[in-house]
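In the working numbering, the protein residues as written are 553 to 704. Encoded as C-alpha coordinates, the structure appears first; notes follow it.
Given below as C-alpha coordinates:
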(Lines of atoms letter the chains of each structure in order from A; the text may use other names.)
(Lines give C-alpha, C1' and ligand atoms only; values in the text may rest on other atoms or scores of the structure.)
Protein backbone atom coordinates (compact mmCIF):
# COMPACT_ATOMS: atom_id res chain seq x y z
CA UNK A 553 0.00 0.00 0.00
CA UNK A 554 1.09 3.54 -0.60
CA UNK A 555 0.71 4.63 3.03
CA UNK A 556 -0.07 3.18 6.43
CA UNK A 557 -3.32 5.16 6.29
CA UNK A 558 -4.42 2.59 3.65
CA UNK A 559 -4.11 -0.29 6.15
CA UNK A 560 -7.68 -0.08 7.53
CA UNK A 561 -8.85 -0.83 3.97
CA UNK A 562 -6.11 -3.24 2.94
CA UNK A 563 -6.33 -5.30 6.12
CA UNK A 564 -9.39 -7.04 4.66
CA UNK A 565 -7.21 -8.57 1.91
CA UNK A 566 -4.72 -9.80 4.49
CA UNK A 567 -7.53 -11.23 6.62
CA UNK A 568 -9.12 -13.25 3.81
CA UNK A 569 -5.71 -14.54 2.73
CA UNK A 570 -5.03 -15.61 6.31
CA UNK A 571 -8.44 -17.31 6.45
CA UNK A 572 -7.33 -19.46 3.47
CA UNK A 573 -3.83 -19.97 4.96
CA UNK A 574 -2.23 -18.03 2.10
CA UNK A 575 1.23 -16.78 2.93
CA UNK A 576 1.24 -13.03 2.39
CA UNK A 577 3.01 -9.85 3.35
CA UNK A 578 1.89 -6.30 3.94
CA UNK A 579 4.20 -3.43 3.05
CA UNK A 580 4.10 0.34 2.71
CA UNK A 581 5.82 1.22 -0.56
CA UNK A 582 5.01 4.59 -2.06
CA UNK A 583 5.15 5.15 -5.82
CA UNK A 584 5.91 8.82 -5.09
CA UNK A 585 7.93 8.87 -1.86
CA UNK A 586 10.00 5.70 -2.42
CA UNK A 587 9.96 5.06 -6.18
CA UNK A 588 13.27 3.15 -6.19
CA UNK A 589 12.01 0.82 -3.44
CA UNK A 590 8.82 0.30 -5.43
CA UNK A 591 10.75 -0.56 -8.59
CA UNK A 592 12.97 -3.01 -6.75
CA UNK A 593 9.96 -4.63 -5.10
CA UNK A 594 8.22 -5.05 -8.46
CA UNK A 595 11.36 -6.35 -10.15
CA UNK A 596 12.06 -8.95 -7.47
CA UNK A 597 8.60 -10.11 -6.37
CA UNK A 598 8.44 -13.11 -8.71
CA UNK A 599 11.98 -14.18 -7.76
CA UNK A 600 10.87 -14.36 -4.11
CA UNK A 601 8.10 -16.81 -4.94
CA UNK A 602 5.22 -14.36 -5.00
CA UNK A 603 2.37 -15.27 -7.35
CA UNK A 604 0.00 -12.26 -7.17
CA UNK A 605 0.34 -8.68 -5.94
CA UNK A 606 -2.50 -6.72 -4.39
CA UNK A 607 -1.70 -3.01 -4.44
CA UNK A 608 -3.90 -0.46 -2.73
CA UNK A 609 -3.64 3.27 -3.16
CA UNK A 610 -5.69 6.41 -2.74
CA UNK A 611 -5.62 9.79 -4.42
CA UNK A 612 -3.37 9.67 -7.48
CA UNK A 613 -3.26 5.88 -6.98
CA UNK A 614 -0.17 5.21 -9.09
CA UNK A 615 1.11 2.26 -7.06
CA UNK A 616 -0.86 -0.59 -8.71
CA UNK A 617 -0.02 0.51 -12.25
CA UNK A 618 3.60 1.24 -11.49
CA UNK A 619 4.08 -2.12 -9.77
CA UNK A 620 2.42 -3.76 -12.80
CA UNK A 621 4.94 -2.05 -15.08
CA UNK A 622 7.80 -3.74 -13.18
CA UNK A 623 6.48 -7.25 -12.59
CA UNK A 624 5.33 -10.20 -14.68
CA UNK A 625 2.88 -11.15 -11.89
CA UNK A 626 -0.83 -10.39 -11.95
CA UNK A 627 -1.59 -7.16 -10.07
CA UNK A 628 -4.90 -6.40 -8.41
CA UNK A 629 -5.54 -2.75 -7.62
CA UNK A 630 -7.63 -1.63 -4.67
CA UNK A 631 -8.83 1.97 -4.90
CA UNK A 632 -8.71 3.37 -1.37
CA UNK A 633 -11.41 5.88 -0.54
CA UNK A 634 -9.96 9.38 -0.51
CA UNK A 635 -11.27 12.43 1.30
CA UNK A 636 -11.51 14.69 -1.70
CA UNK A 637 -13.43 12.55 -4.21
CA UNK A 638 -14.55 9.56 -2.09
CA UNK A 639 -12.25 7.19 -3.97
CA UNK A 640 -13.50 7.93 -7.48
CA UNK A 641 -10.13 9.53 -8.26
CA UNK A 642 -8.37 6.38 -7.02
CA UNK A 643 -10.67 4.09 -8.99
CA UNK A 644 -10.19 5.99 -12.24
CA UNK A 645 -6.41 6.18 -11.76
CA UNK A 646 -6.16 2.43 -11.31
CA UNK A 647 -8.66 1.25 -13.89
CA UNK A 648 -7.43 3.50 -16.73
CA UNK A 649 -4.18 1.66 -17.46
CA UNK A 650 -2.62 1.91 -20.91
CA UNK A 651 -2.62 -1.11 -23.19
CA UNK A 652 0.05 -3.63 -22.26
CA UNK A 653 0.03 -2.91 -18.50
CA UNK A 654 -3.05 -4.66 -17.11
CA UNK A 655 -4.25 -4.15 -13.56
CA UNK A 656 -7.34 -5.98 -12.32
CA UNK A 657 -9.37 -3.52 -10.27
CA UNK A 658 -11.96 -4.08 -7.56
CA UNK A 659 -14.54 -1.70 -6.14
CA UNK A 660 -13.52 1.27 -4.03
CA UNK A 661 -12.41 0.02 -0.64
CA UNK A 662 -13.12 -3.64 -1.41
CA UNK A 663 -9.81 -5.22 -0.48
CA UNK A 664 -11.61 -8.41 0.57
CA UNK A 665 -12.59 -8.98 -3.06
CA UNK A 666 -8.99 -8.33 -4.09
CA UNK A 667 -7.93 -11.07 -1.70
CA UNK A 668 -10.58 -13.42 -3.04
CA UNK A 669 -9.53 -12.67 -6.62
CA UNK A 670 -5.93 -13.45 -5.70
CA UNK A 671 -7.09 -16.70 -4.10
CA UNK A 672 -9.06 -17.55 -7.25
CA UNK A 673 -5.96 -16.97 -9.36
CA UNK A 674 -3.89 -19.21 -7.09
CA UNK A 675 -6.64 -21.85 -7.09
CA UNK A 676 -6.28 -22.34 -10.86
CA UNK A 677 -3.15 -24.37 -10.14
CA UNK A 678 -3.87 -25.64 -6.62
CA UNK A 679 -6.63 -28.24 -6.33
CA UNK A 680 -6.76 -28.10 -2.53
CA UNK A 681 -7.16 -24.33 -2.56
CA UNK A 682 -9.82 -24.63 -5.26
CA UNK A 683 -11.73 -27.06 -3.04
CA UNK A 684 -11.50 -24.62 -0.12
CA UNK A 685 -12.69 -21.77 -2.31
CA UNK A 686 -15.66 -23.80 -3.55
CA UNK A 687 -16.57 -24.64 0.06
CA UNK A 688 -16.32 -20.92 0.96
CA UNK A 689 -18.69 -20.03 -1.88
CA UNK A 690 -21.10 -22.82 -0.92
CA UNK A 691 -21.18 -21.58 2.68
CA UNK A 692 -21.76 -18.02 1.49
CA UNK A 693 -24.69 -19.21 -0.66
CA UNK A 694 -26.18 -21.16 2.25
CA UNK A 695 -25.94 -18.10 4.52
CA UNK A 696 -27.61 -15.98 1.85
CA UNK A 697 -30.49 -18.46 1.45
CA UNK A 698 -31.09 -18.42 5.23
CA UNK A 699 -31.66 -14.67 5.15
CA UNK A 700 -35.10 -15.19 3.64
CA UNK A 701 -36.26 -16.42 7.06
CA UNK A 702 -35.35 -12.99 8.46
CA UNK A 703 -38.09 -11.50 6.28
CA UNK A 704 -40.92 -13.56 7.74
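Note that beta-carbon positions come from the ideal geometry of N, C-alpha and C, so glycine has one too. Being a predicted model, the structure only gives us computed values, none of them experimental.
List the residues that DSSP assigns as beta-bridge partners of residue 611.
Counting from 1 along the chain shown, the entry for residue 611 is found at position 59. Looking at the DSSP assignment, residue 611 forms no beta bridge with any residue, so it has no partner.
With a CB to CB cut of under 6 angstroms and the five nearest residues on each side skipped, what residues in its chain are close to residue 643?
As a working mapping, residue 643 is identified with position 91 in the chain shown. The residues are 631 and 660.
According to DSSP, is residue 629 helix, strand or coil?
Locating residue 629 in the chain shown gives position 77, where the first residue counts as 1. Residue state, collapsed to three classes: strand.
Could you give the first and the last residue of the continuous alpha helix (DSSP H) run that contains residue 696?
Position 144 of the chain shown, counted from the first residue, corresponds to residue 696. It spans 679–698 - the alpha helix (DSSP H) in which residue 696 sits, taken as one unbroken run.
In the DSSP assignment, the alpha helix (DSSP H) including residue 592 goes from what residue to what residue?
If you number the chain shown from 1, residue 592 lands on position 40. Per DSSP, residue 592 belongs to the alpha helix (DSSP H) from 587–596.
Any chance the stretch 601–610 sits against the stretch 620–629, with 3 or more Cβ pairs inside 8 angstroms?
yes
Since residue 667 and residue 610 are thought to touch, with beta carbons under 8 angstroms apart, how far apart are those beta carbons, to the nearest angstrom?
Position 115 of the chain shown, counted from the first residue, corresponds to residue 667. Position 58 of the chain shown, counted from the first residue, corresponds to residue 610. Not quite, the Cβ-Cβ distance comes to about 18 angstroms (not below 8 angstroms), so this is no contact.
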